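Novice: Residue numbers (the working numbering), protein chains in the order written: chain A, 547 to 872; chain B, 30 to 329. Pasting a structure here, questions to come.
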Amino acid sequence: MSVTKLPKIMKIVAALMMSALVLCLAACSTPGGDKEKPAPDDASIEALIAEQPKNAEEATDLYNRLMQKENDILSSDKSLWEKVFAGANKDSSMIGDGSNYGDFLLATVEGAKDTFSADEFNVLKTGAEKIKKIEDKLAALKKEFPDCASTSGAGESVDAASAGMTGDAGKSTKFPSFKGKDLDGNDVSSDELFSKSKVTVMNFWFTSCKPCVEELGELEALNKKLAEKGGQVVGVNSFTLDGNQGEISDAKDVLSKKGVTYKNVWFNTDGDAGKLVSGLFSFPTTYVIDGNGNVVGEPIVGAITSAAQREALDRLIDQAIANSTK
Amino acid sequence: MDKRKNPASHRLSRLRGWVQAAATLLTNVHLPNFVKGGIYQGAGKTVCVPGLNCYSCPAASGACPIGSFQAVVGSSKFNFSYYVTGTLILIGVLLGRFVCGFLCPFGWLQELLHKIPGKKLSTKQLKPLRYVKYAVLLLAVVLLPALVVSDTGMGDPFFCKYVCPQGVLEGAIPLAVVNTGIRSALGRLFTWKLIILVTVVVLSVLFYRPFCKWICPLGAWYALMNKVSLLGMQVDRRTCVSCGRCARACEMDVDVTRSPDHAECIRCGKCISVCPVDAVRFRYGFSLPSKQPSQPCEDK
C-alpha cells in the first residue's frame, strides 16, 4: 500500500538533506589567492643590483623592477610574512624612521623568532636579508637619481596589499575612482579626496541602519584625531547615491543629530565605486585608504565600536599613514 | 486502483517530504553564493517568502517576513509594516499553518532532525509552552522593535538579533566560513545565538518540532490565521468511527475530530493517512464553523 511507503521516502529525503547540509559546509573553502609564488632566486636579484643606470629613466625602471622583486619575496611565503607583519604592527616606529626596511624586517623576524619553526625562520631571515640588499641598492639609486622613486606609482614602501598580503593577490587594490558631490552639493573627486590625506577612513552606512548610526559619534571623534595626523573620515550613505534629494536630507538630519562634521559624499551607482557599494551586504563596512588611493588591508565589517574592531582599524590606519609618508 | 474517498488529500500528505524539499530549494535558490560568500540582493528580496528563512542566507531568494516586519517597524521612517502585514494576512488566509507543515525550511529541518533514531519524548504534558510563541511574537517582533528606540528613533530587530536560530544557521555560519570580514565581526551575540541553535537542534531530535510549537513567532501568526484560513481539515462525522488513531498519530498534539481548525495543526496530513475509514480530508474554500463537528465523533 502506498501509505506504508511514506517513511521510506522520508528516509531517503532525510538522507539527501543531511548529505546536502554536509556538502554545503564542506564546499566552503578558504578565499582564493592563497597560491604562493616561488621566491625570486638570488642570481636575478644580484644581477639587478649590479646594474648601473645611465640616466633617470633607467634608474626609475630599475627601481621599479627591484620593488617588484621585494614584492615577490614577500608574496612567496605570504602566510609567514603575514605573521611577521601582524607582530610588526604593534611597534611601527621603525617603519617611518627612514631606516632600511630590510633591517626593520630582520629585527621583527628576530624578535618573533619563538613563534616560527627553524625552517620558517630561515625562510624569513633569507627573505629579509635579500630585501635589505635590495633596499641598500634602492637607497643608492635614490641618492644618485632623487626622482626615480617618485615617478613610480608604487612608492618606496611595500604596501601590504600590493605585496599580496591581504589574502586576495589578484584583486586590484585601488579604491575605484569616482566623481560625486558632498551632501552640500560641492563637487568631490576621489583622486583629490584621497591624495590630500595620508589616510582616508571611508565608512559605508545607510540612514535606517542602527549600528551604522550608533558608531557615527565615534567616527566623528576619530576624524578629529586623524585631522592632527593629516587624515580624515569620509562617509558614504548608500541611500544617497545618485543624488537622491529626499535621502540626502534624511541623512543630513541624522548626521546633524549625531554631531557629525566630517564629509559625506555620494556618487553614481553605475560607476565602479557604485558597483562596489551595491556589492556590500553588511553595514556598516569601513575601508581604509592611503594617500595613493590604495585600499589597505581588508575592509572592516561591522561597527568599529567594539575594542577588537577598533584595534584592527587603528592598525590599518597606521599602515596607511606609513604607506603615504614613505 | 485507488478506492479511497479522499485520494487528493492522501496524495498531498504523501508528497509532503518532496514539497518541503522543493520549497526549501526554491526559498534558497542562489546556491553558488555559499561558495562566493555574499548574499543575493536582487528584486526577489522585495518579496517575503512564506516560511522562516533568513534574508542573510547566502542562497535566500526572498526576505523573511518576520525579519522584514521588524526592520520596518523598527525604522525611524515608518510606524507600521503595512506591506509585510498584508503579505502575512494573505498567506495566512490562503494557507494558514500549512506553511509550517509544507513550506517552511526550518520546520523541515526540525522534522529531519527528529528522524535521527533515539529516544523520543512526548510534548503532550508541555502544552502550556505553546503560548510562549505568542509572547515572542508580541514582544520580540512587534512591541520591542517599535518601542525601544534610540535617540534617532531606531529600534532593534529583537527577534532576529537575540533569538532566531535560523539566522545563525543560514546567515552567520555560512557567511563567516567564507568571509573573513564577517568572521572577525562575530562576538558574544553570535555565541549566545549559537547556544540557542544547538539547543533547538538537540531538542528537535528529542521532541517533534519544538521551535514551531513553542517559540516561532511566524508559527504563532499562522496559528491565529488557522481559524480563518481557506485551507483546513474536515472530518466526516458520518463515517468517523471514533477510533482515536488520528489524535494518537498527531505529533502536534491535536485531536482533529474535536478541533479541525486548531491553532497547532500544521496540516501535515498524518491524520488523513492513519484514518481507517477515510473520514479526514483537506478542505479548501469557505466553510462555516457550524458544518464542522464541535463534538468528538459519536460512537457507532
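All residues carry an ideal CB built from backbone N, CA and C; glycine is no exception. Quick caveat: nothing in here was measured; it's all calculated off a predicted structure.
#1: Rank B/MET254, B/CYS93, B/LEU132 by C-alpha distance to the C-alpha of B/LYS41 and give the top, closest one.
#2: What residue range is occupied by the uninterrupted alpha helix (DSSP H) comprising A/ASN749?
#3: How about B/SER105: is its C-beta nearer than 8 angstroms to some C-beta of chain A?
#4: Quick check on the DSSP output: what are the complete alpha helix (DSSP H) runs of length 4 or more inside the region 799-859 of chain A, in order along the chain?
#5: Whole angstroms are fine: how far does the CA of B/GLY216 sit from the CA of A/ASP818?
#6: Select from A/GLY848, A/GLU597, A/ILE863 the residue whose C-alpha is nearest the C-alpha of A/ASN840.
#7: For a test of your reading of the model: does the CB of A/GLN598 fall under 7 angstroms from any non-hydrogen atom of the ligand GDP? Yes or no.
#8: Which residues does DSSP list as the beta-bridge partners of B/VAL76?
#9: On the DSSP letters alone, give me the boundaries of the alpha helix (DSSP H) that A/TYR609 sits inside.
#10: Can you tell me the Cβ-Cβ gap for B/CYS241 and B/GLN139, rounded? I've got them flagged as a contact below 8 angstroms.
#11: Chain B beta carbons: is any one of them nearer than 8 angstroms to that of A/PRO830?
#12: Which chain B residues sit within Cβ distance under 7 angstroms of A/GLU764?
#13: State the Cα-Cα distance for the pair A/GLY699 and A/SER736, rounded to the nearest angstrom.
#14: Quick one: using the 10 Å Cβ neighbour count with 16 as the cut-off for buried, is A/ASN814 buried or exposed?
#15: Are B/CYS189 and B/GLY96 closer than 8 angstroms when you measure CB to CB?
#16: Span of the beta strand (DSSP E) holding B/VAL98?
#17: Rounded to whole angstroms, what's the CA-CA distance from B/ARG70 to A/PHE827? Just pull it up for me.
#18: Write down the C-beta distance between A/SER754 and B/MET183 rounded to the nearest angstrom, noting that I regard them as a contact closer than 8 angstroms.
#19: Kindly list, in the order they appear in chain B, the residues whose Cβ is closer than 8 angstroms to that of A/LYS821.
#20: Name the residues in the region 834-859 of chain A whose C-beta lies less than 8 angstroms from a C-beta of chain B; which are they?
#21: Which word fits B/ALA51, buried or exposed, when buried means at least 16 other C-beta atoms lie within 10 angstroms of its C-beta?
#22: Hey, could you find the ends of the beta strand (DSSP E) B/PHE311 is sitting in?
#23: In chain B, what lies closer than 8 angstroms to A/GLU760 by C-beta?
#24: Per DSSP, what kind of secondary structure is B/SER85 in: helix, strand or coil?
#25: Are the region 77-88 of chain B and the region 192-201 of chain B touching by the rule of at least three beta carbon pairs closer than 8 angstroms?
#26: So what's B/MET254 in DSSP terms, helix, strand or just coil?
#27: At a CB-CB cut-off below 8 angstroms, which residues of chain B make contact with A/PHE721?
#28: Name the chain B residues that come within less than 8 angstroms of A/VAL800, Cβ to Cβ?
#29: Please list, in chain order, the residues of the region 54-79 of chain B that have any C-beta partner in chain A closer than 7 angstroms.
#30: Using a Cβ-Cβ cut-off of 8 angstroms (strictly less than) and excluding sequence neighbours within five positions of B/VAL64, which residues of its own chain qualify?
#31: Please state whether the Cβ-Cβ distance between A/PRO845 and B/GLY210 is less than 8 angstroms.
#32: Just mark B/THR116 as buried or exposed, buried being the case when its beta carbon has 16 or more other beta carbons within 10 Å.
#33: Need the endpoints of the alpha helix (DSSP H) that A/ASN769 sits in, please.
#34: Work out the CA separation of A/LEU620 and A/ALA715 for me, nearest whole Å.
#35: With a 10 Å radius around its C-beta and 16 neighbouring C-beta atoms as the bar for buried, classify A/GLN778 as buried or exposed.
#36: Please check if any C-beta of chain A sits within less than 8 angstroms of the C-beta of B/GLY216.
Specialist: For this structure:
#1: Note that residue 41 of chain B is Leu in the sequence shown here, rather than Lys. That would be B/LEU132, whose Cα lies nearest to the Cα of B/LEU41.
#2: Looking at the DSSP string, A/ASN749 is not in any alpha helix (DSSP H); the run it does join, the beta strand (DSSP E), is 745-751.
#3: By this cut-off, B/SER105 is an interface position.
#4: Within the region 799-859 of chain A, the complete alpha helix (DSSP H) runs of at least 4 residues are 818-825.
#5: Computed Cα separation, rounded: 32 angstroms.
#6: The candidate whose alpha carbon is nearest that of A/ASN840 is A/ILE863.
#7: Absent from the structure shown: the ligand GDP. Ligands present: none.
#8: For B/VAL76, which the question treats as bridged, DSSP gives no partner whatsoever.
#9: In this chain, the alpha helix (DSSP H) harbouring A/TYR609 covers 602-622.
#10: With a Cβ gap of about 7 angstroms, B/CYS241 and B/GLN139 count as contacting.
#11: No, A/PRO830 lies away from the interface with chain B (no Cβ there is under 8 angstroms from its Cβ).
#12: Those do not exist, as A/GLU764 stays about 14 angstroms from chain B at its closest Cβ, beyond 7 angstroms.
#13: Confidence in A/GLY699 is poor, its pLDDT being 39 and thus under 50, which makes the residue's placement unreliable; the coordinate value appears in the next sentence. A/GLY699 and A/SER736: Cα-Cα distance of roughly 16 angstroms.
#14: Burial call: exposed.
#15: Taking 8 angstroms as the cut-off, the Cβ atoms of B/CYS189 and B/GLY96 count as close.
#16: Strictly speaking, residue 98 of chain B in this sequence is Phe, with Val absent from that position. Note, B/PHE98: premise wrong, no beta strand (DSSP E); alpha helix (DSSP H) at 94-103.
#17: Reading off the sequence shown, one finds Gln at residue 70 of chain B, where the question assumed Arg. Rounded to whole angstroms, the gap between the alpha carbons of B/GLN70 and A/PHE827 is 8 angstroms.
#18: Taking 8 angstroms as the upper bound for CB-CB distance, A/SER754 and B/MET183 are in contact here, some 7 angstroms apart.
#19: By Cβ distance, chain B contributes nothing, its closest Cβ being about 12 angstroms from A/LYS821, past 8 angstroms.
#20: For chain B, the residues of the region 834-859 of chain A that bring a beta carbon within less than 8 angstroms of one of its beta carbons are GLU844, PRO845, ILE846, VAL847, GLY848, SER852, ALA854, GLN855, ALA858, in chain order.
#21: With fewer than 16 Cβ atoms within 10 Å of its Cβ, B/ALA51 is classed as exposed.
#22: Taken as a continuous stretch (DSSP letters only), the beta strand (DSSP E) holding B/PHE311 covers 309-313.
#23: One finds SER179 in chain B with Cβ atoms closer than 8 angstroms to the Cβ of A/GLU760, taken in chain order.
#24: Coil at B/SER85, not helix or strand.
#25: Touching, yes.
#26: In the three-state reduction of the DSSP assignment, B/MET254 falls in the helix class, which pools H, G and I.
#27: Neighbours of A/PHE721 across chain B, judged by C-beta separation under 8 angstroms, do not exist; the nearest C-beta is about 16 angstroms away.
#28: The answer, in chain order, is THR181.
#29: The residues in question are PHE63, VAL64, GLY67, ILE68, GLN70.
#30: Excluding the 5 residues flanking it on each side, B/VAL64 has same chain C-beta neighbours closer than 8 angstroms at VAL207, in chain order.
#31: Note that the C-beta distance between A/PRO845 and B/GLY210 is below 8 angstroms.
#32: Result: buried.
#33: First-last of the alpha helix (DSSP H) with A/ASN769: 762-775.
#34: Low confidence applies here, because A/ALA715 scores a pLDDT of 40, under 50, leaving its location unreliable and the question unanswered by this model.
#35: Within 10 angstroms of the beta-carbon of A/GLN778 lie 16 or more other beta-carbons, which makes it buried.
#36: Output row for B/GLY216: interface = yes.
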